[in-house]
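Novice: My structure is below; once you've seen it, I'll send some questions.
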Amino acid sequence: MRAKLKIVGFTCWLVESEPGPKFIWRNGLPGSHGDLRPGTRPRKAVLRMETDSGLFGALEIGRGDAVLDLVARRYNWFIGENPLLTERMWHLMWEIDRIEEVHMRALGLLDMLCWDVKSQLAQMPIHQLLGGHSRVVPAYASTVTWPTLDEYERYIKQCRDIGFTAFKLHAWGDVKRDIELSTRLRQWVGPDADLMFDGSAGWDYVDALEVGLALQDLGFLWYEEPMREFYLGSYAKLCDKLTMPVLAAET
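Counting from 1 along the sequence shown, just add 1 to a position and that's the residue number in the numbering used here.
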(Lines of atoms letter the chains of each structure in order from A and count residues from 1; the text may use other names and numbers.)
(Lines give C-alpha, C1' and ligand atoms only; values in the text may rest on other atoms or scores of the structure.)
Protein backbone atom coordinates (compact mmCIF):
# COMPACT_ATOMS: atom_id res chain seq x y z
CA MET A 1 0.00 0.00 0.00
CA ARG A 2 1.34 3.43 -0.89
CA ALA A 3 1.92 5.25 2.41
CA LYS A 4 1.81 8.81 1.13
CA LEU A 5 -0.91 10.52 -0.88
CA LYS A 6 -1.81 14.17 -1.18
CA ILE A 7 -5.18 15.83 -1.53
CA VAL A 8 -5.01 18.14 -4.54
CA GLY A 9 -8.52 19.55 -4.75
CA PHE A 10 -12.24 19.38 -4.10
CA THR A 11 -15.17 19.78 -6.47
CA CYS A 12 -18.76 20.22 -5.33
CA TRP A 13 -21.80 20.11 -7.61
CA LEU A 14 -25.39 20.99 -6.74
CA VAL A 15 -27.93 18.52 -8.09
CA GLU A 16 -31.70 18.84 -7.89
CA SER A 17 -33.46 15.69 -6.72
CA GLU A 18 -37.00 14.43 -6.43
CA PRO A 19 -38.57 15.09 -3.02
CA GLY A 20 -39.31 11.97 -1.04
CA PRO A 21 -42.66 11.18 0.58
CA LYS A 22 -43.69 13.71 3.21
CA PHE A 23 -43.94 12.49 6.79
CA ILE A 24 -43.75 13.84 10.33
CA TRP A 25 -42.24 12.91 13.68
CA ARG A 26 -43.66 13.59 17.15
CA ASN A 27 -45.72 16.73 17.77
CA GLY A 28 -45.91 17.43 14.03
CA LEU A 29 -42.14 17.90 13.67
CA PRO A 30 -41.35 17.80 9.91
CA GLY A 31 -39.58 14.60 8.92
CA SER A 32 -38.86 15.38 5.29
CA HIS A 33 -38.37 18.60 3.35
CA GLY A 34 -40.11 20.67 6.00
CA ASP A 35 -38.19 23.74 4.83
CA LEU A 36 -38.83 23.22 1.11
CA ARG A 37 -40.63 26.10 -0.58
CA PRO A 38 -43.66 25.23 -2.75
CA GLY A 39 -42.68 24.58 -6.34
CA THR A 40 -39.03 23.84 -5.55
CA ARG A 41 -37.06 20.60 -5.31
CA PRO A 42 -34.41 19.61 -2.76
CA ARG A 43 -30.82 20.20 -3.82
CA LYS A 44 -28.15 17.65 -3.02
CA ALA A 45 -24.40 18.07 -3.11
CA VAL A 46 -22.12 15.69 -4.99
CA LEU A 47 -18.68 16.12 -3.46
CA ARG A 48 -15.42 14.81 -4.92
CA MET A 49 -11.94 14.86 -3.36
CA GLU A 50 -9.00 14.46 -5.77
CA THR A 51 -5.58 13.03 -4.85
CA ASP A 52 -2.23 13.12 -6.60
CA SER A 53 -2.48 9.36 -7.21
CA GLY A 54 -5.54 9.65 -9.44
CA LEU A 55 -7.74 8.06 -6.80
CA PHE A 56 -10.67 10.15 -5.63
CA GLY A 57 -13.26 9.97 -2.89
CA ALA A 58 -16.86 10.87 -3.67
CA LEU A 59 -20.22 11.08 -1.95
CA GLU A 60 -23.71 12.52 -2.22
CA ILE A 61 -25.52 14.32 0.59
CA GLY A 62 -28.57 16.49 1.14
CA ARG A 63 -28.66 20.19 2.08
CA GLY A 64 -26.43 20.87 -0.89
CA ASP A 65 -26.26 24.65 -0.60
CA ALA A 66 -24.86 24.48 2.93
CA VAL A 67 -22.29 21.86 1.89
CA LEU A 68 -21.22 23.92 -1.13
CA ASP A 69 -20.71 26.96 1.09
CA LEU A 70 -18.63 25.00 3.62
CA VAL A 71 -16.45 23.41 0.95
CA ALA A 72 -15.84 26.73 -0.82
CA ARG A 73 -14.79 28.52 2.37
CA ARG A 74 -12.96 25.87 4.40
CA TYR A 75 -11.87 22.80 2.45
CA ASN A 76 -8.82 24.47 0.89
CA TRP A 77 -7.23 23.96 4.31
CA PHE A 78 -7.02 20.22 3.58
CA ILE A 79 -5.16 20.48 0.26
CA GLY A 80 -1.72 18.91 0.61
CA GLU A 81 -2.80 16.66 3.46
CA ASN A 82 -2.52 12.86 3.33
CA PRO A 83 -6.07 11.40 3.20
CA LEU A 84 -4.82 8.08 4.58
CA LEU A 85 -4.20 9.74 7.95
CA THR A 86 -7.88 9.65 8.80
CA GLU A 87 -7.41 10.39 12.50
CA ARG A 88 -5.46 13.56 11.68
CA MET A 89 -8.04 14.58 9.08
CA TRP A 90 -10.84 14.14 11.62
CA HIS A 91 -9.06 16.40 14.11
CA LEU A 92 -8.49 19.05 11.45
CA MET A 93 -12.22 19.00 10.71
CA TRP A 94 -12.96 19.16 14.43
CA GLU A 95 -10.87 22.34 14.64
CA ILE A 96 -13.03 23.89 11.93
CA ASP A 97 -16.12 22.87 13.89
CA ARG A 98 -14.85 25.00 16.78
CA ILE A 99 -15.13 28.02 14.48
CA GLU A 100 -18.08 27.04 12.29
CA GLU A 101 -20.25 24.80 14.50
CA VAL A 102 -20.64 22.61 11.42
CA HIS A 103 -23.98 20.90 10.90
CA MET A 104 -23.80 17.29 12.08
CA ARG A 105 -24.62 16.02 8.59
CA ALA A 106 -21.54 17.80 7.23
CA LEU A 107 -19.11 17.10 10.06
CA GLY A 108 -18.20 13.63 8.78
CA LEU A 109 -17.97 14.39 5.06
CA LEU A 110 -14.18 14.69 4.94
CA ASP A 111 -13.83 11.49 6.97
CA MET A 112 -16.04 9.59 4.51
CA LEU A 113 -14.10 10.91 1.52
CA CYS A 114 -10.82 9.81 3.08
CA TRP A 115 -12.12 6.33 3.91
CA ASP A 116 -13.38 6.02 0.33
CA VAL A 117 -9.82 6.59 -0.90
CA LYS A 118 -8.42 4.20 1.71
CA SER A 119 -10.76 1.41 0.65
CA GLN A 120 -9.86 1.83 -3.02
CA LEU A 121 -6.16 1.73 -2.22
CA ALA A 122 -6.62 -1.40 -0.11
CA GLN A 123 -8.91 -2.90 -2.78
CA MET A 124 -11.53 -3.93 -0.25
CA PRO A 125 -14.88 -2.54 0.94
CA ILE A 126 -14.76 -0.17 3.90
CA HIS A 127 -16.63 -2.58 6.17
CA GLN A 128 -13.87 -5.16 5.61
CA LEU A 129 -11.15 -2.57 6.05
CA LEU A 130 -12.66 -1.78 9.45
CA GLY A 131 -12.68 -5.46 10.40
CA GLY A 132 -16.19 -6.50 9.38
CA HIS A 133 -16.62 -10.17 8.46
CA SER A 134 -20.35 -10.66 7.81
CA ARG A 135 -22.65 -9.43 5.07
CA VAL A 136 -25.77 -10.52 6.96
CA VAL A 137 -27.12 -8.37 9.80
CA PRO A 138 -30.49 -8.24 11.58
CA ALA A 139 -32.95 -5.65 10.26
CA TYR A 140 -35.92 -3.91 11.84
CA ALA A 141 -38.88 -2.05 10.38
CA SER A 142 -39.18 1.57 11.52
CA THR A 143 -42.32 3.68 11.60
CA VAL A 144 -42.90 7.36 11.01
CA THR A 145 -45.57 9.11 13.10
CA TRP A 146 -49.12 8.38 11.98
CA PRO A 147 -52.29 10.02 13.30
CA THR A 148 -54.08 6.88 14.48
CA LEU A 149 -53.54 3.48 16.06
CA ASP A 150 -55.18 1.86 13.04
CA GLU A 151 -52.51 3.25 10.72
CA TYR A 152 -49.75 1.95 12.96
CA GLU A 153 -51.38 -1.48 13.15
CA ARG A 154 -51.82 -1.65 9.39
CA TYR A 155 -48.16 -0.77 8.78
CA ILE A 156 -46.89 -3.29 11.34
CA LYS A 157 -49.00 -6.00 9.72
CA GLN A 158 -47.54 -5.17 6.30
CA CYS A 159 -44.02 -5.42 7.73
CA ARG A 160 -44.74 -8.73 9.43
CA ASP A 161 -46.23 -10.10 6.21
CA ILE A 162 -42.91 -9.59 4.40
CA GLY A 163 -40.86 -11.16 7.16
CA PHE A 164 -39.84 -8.49 9.68
CA THR A 165 -39.64 -9.66 13.29
CA ALA A 166 -38.28 -6.46 14.87
CA PHE A 167 -39.92 -3.02 14.93
CA LYS A 168 -39.07 0.53 16.03
CA LEU A 169 -41.71 3.07 16.98
CA HIS A 170 -41.71 6.80 16.36
CA ALA A 171 -44.76 7.94 18.30
CA TRP A 172 -46.66 11.16 19.08
CA GLY A 173 -44.66 12.81 21.86
CA ASP A 174 -47.50 12.46 24.37
CA VAL A 175 -46.56 10.27 27.33
CA LYS A 176 -49.90 8.54 27.91
CA ARG A 177 -50.67 7.97 24.23
CA ASP A 178 -47.15 6.75 23.52
CA ILE A 179 -47.31 4.22 26.34
CA GLU A 180 -50.67 3.03 25.01
CA LEU A 181 -49.23 2.69 21.50
CA SER A 182 -46.23 0.77 22.81
CA THR A 183 -48.55 -1.57 24.71
CA ARG A 184 -50.62 -2.13 21.58
CA LEU A 185 -47.49 -2.85 19.56
CA ARG A 186 -46.47 -5.58 21.97
CA GLN A 187 -49.96 -7.07 21.69
CA TRP A 188 -49.87 -6.97 17.88
CA VAL A 189 -46.50 -8.72 17.50
CA GLY A 190 -46.42 -11.04 20.50
CA PRO A 191 -43.79 -11.63 23.20
CA ASP A 192 -40.90 -12.76 20.99
CA ALA A 193 -40.51 -9.76 18.65
CA ASP A 194 -37.72 -7.26 19.30
CA LEU A 195 -39.15 -3.78 19.90
CA MET A 196 -37.43 -0.39 20.03
CA PHE A 197 -38.73 3.09 20.77
CA ASP A 198 -37.37 6.38 19.39
CA GLY A 199 -38.51 9.44 21.35
CA SER A 200 -37.09 11.93 18.80
CA ALA A 201 -35.62 13.93 21.72
CA GLY A 202 -39.06 15.10 22.79
CA TRP A 203 -39.07 14.89 26.59
CA ASP A 204 -37.55 16.12 29.80
CA TYR A 205 -36.21 13.71 32.42
CA VAL A 206 -39.51 13.14 34.24
CA ASP A 207 -41.44 12.17 31.10
CA ALA A 208 -38.52 10.18 29.70
CA LEU A 209 -38.36 8.12 32.88
CA GLU A 210 -42.10 7.41 32.91
CA VAL A 211 -42.04 6.18 29.32
CA GLY A 212 -38.80 4.29 29.85
CA LEU A 213 -40.16 2.33 32.81
CA ALA A 214 -43.25 1.41 30.79
CA LEU A 215 -41.15 0.27 27.83
CA GLN A 216 -38.95 -1.74 30.13
CA ASP A 217 -41.99 -3.54 31.55
CA LEU A 218 -43.10 -4.31 27.99
CA GLY A 219 -39.74 -5.92 27.21
CA PHE A 220 -38.46 -3.35 24.71
CA LEU A 221 -34.93 -3.99 23.45
CA TRP A 222 -33.76 -0.38 23.63
CA TYR A 223 -34.89 3.21 24.24
CA GLU A 224 -33.59 5.73 21.72
CA GLU A 225 -33.06 9.49 22.05
CA PRO A 226 -35.75 10.31 24.63
CA MET A 227 -34.14 13.71 25.39
CA ARG A 228 -31.92 16.24 23.66
CA GLU A 229 -28.26 15.27 23.59
CA PHE A 230 -27.33 18.26 25.76
CA TYR A 231 -29.05 16.81 28.84
CA LEU A 232 -26.02 14.83 29.98
CA GLY A 233 -26.91 14.83 33.66
CA SER A 234 -30.45 13.72 32.91
CA TYR A 235 -29.18 10.92 30.69
CA ALA A 236 -26.91 9.71 33.48
CA LYS A 237 -29.85 9.63 35.91
CA LEU A 238 -32.09 7.91 33.36
CA CYS A 239 -29.53 5.18 32.73
CA ASP A 240 -29.23 4.62 36.48
CA LYS A 241 -33.00 4.09 36.74
CA LEU A 242 -33.39 1.76 33.74
CA THR A 243 -31.90 -1.64 33.03
CA MET A 244 -32.52 -1.61 29.26
CA PRO A 245 -30.02 0.15 26.97
CA VAL A 246 -30.54 3.87 26.30
CA LEU A 247 -29.30 5.21 22.96
CA ALA A 248 -28.46 8.91 22.86
CA ALA A 249 -26.81 11.73 20.91
CA GLU A 250 -27.94 10.54 17.49
CA THR A 251 -28.42 14.04 16.10
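Ideal Cβ placement from N, Cα and C applies to all residues, glycine included.
On the premise that V16 lies in contact with V47, defined as a C-beta separation below 8 Å, what is that separation, rounded to the nearest angstrom?
Specialist: 6 Å
Novice: Can you grab the Cα-Cα spacing for the pair E61 / T87, in whole Å?
Specialist: 20 Å
Novice: If you pair each beta-carbon of the stretch 195–215 with each one of the stretch 229–242, do three or more pairs fall below 8 Å?
Specialist: Judged by pairs of C-beta atoms under 8 Å, the stretch 195–215 touches the stretch 229–242, as three or more such pairs exist.
Novice: For the candidate residues V72, P84, L71, N77, whose alpha-carbon lies nearest to that of G55?
Specialist: P84
Novice: Do the stretch 109–116 and the stretch 138–151 make contact, defined as three or more Cβ pairs closer than 8 Å?
Specialist: Contact fails: fewer than three Cβ-Cβ distances are below 8 Å.
Novice: Quick one: give me the first and last residue of the beta strand (DSSP E) that E61 is part of.
Specialist: Where E61 is concerned, the enclosing beta strand (DSSP E) stretches over 57–62.
Novice: Quick check: the Cα distance between T144 and M50, rounded to an integer number of angstroms?
Specialist: 36 Å
Novice: Name the one or two DSSP bridge partners that C13 has.
Specialist: L48
Novice: Could you give the distance in angstroms between the alpha-carbon of M105 and the alpha-carbon of A249?
Specialist: 14 Å
Novice: According to DSSP, is V247 helix, strand or coil?
Specialist: DSSP places V247 in strand when its eight states are reduced to three.
Novice: Does the stretch 216–226 come close enough to the stretch 172–190 that 3 or more CB-CB pairs lie under 8 Å?
Specialist: yes
Novice: Leaving out five residues before and five after N28 in sequence, what residues of the same chain have Cβ atoms less than 6 Å from its Cβ?
Specialist: G174
Novice: In whole angstroms, what is the alpha-carbon distance linking A59 and G21?
Specialist: 23 Å
Novice: Helix, strand or coil, according to DSSP, for H104 in the structure here?
Specialist: coil
Novice: Within 8 Å, do at least three Cβ pairs link the stretch 117–130 to the stretch 91–104?
Specialist: no
Novice: Within 10 Å of its beta-carbon, does T52 have 16 or more other beta-carbons around it, so buried, or fewer, so exposed?
Specialist: buried
Novice: Going straight from the alpha carbon of R42 to that of K23, what length do you get?
Specialist: 13 Å
Novice: Using the beta-carbon count (16 or more within 10 Å), is D241 buried or exposed?
Specialist: exposed
Novice: Can you tell me the Cα-Cα spacing of L89 and K45, whole angstroms?
Specialist: In the sequence as presented, Leu is not what sits at residue 89; that position holds Arg. Whole-angstrom Cα-Cα distance: 27 Å.
Novice: Quick one, are the C-beta atoms of A172 and F198 less than 9 Å apart?
Specialist: yes
Novice: Would you identify the three-state DSSP class for F168, choosing helix, strand or coil?
Specialist: strand
Novice: Pick out whichever of R74, E251, D179, Y156 has its Cα sitting closest to the Cα of E211.
Specialist: Checking every option, the nearest Cα to that of E211 belongs to D179.
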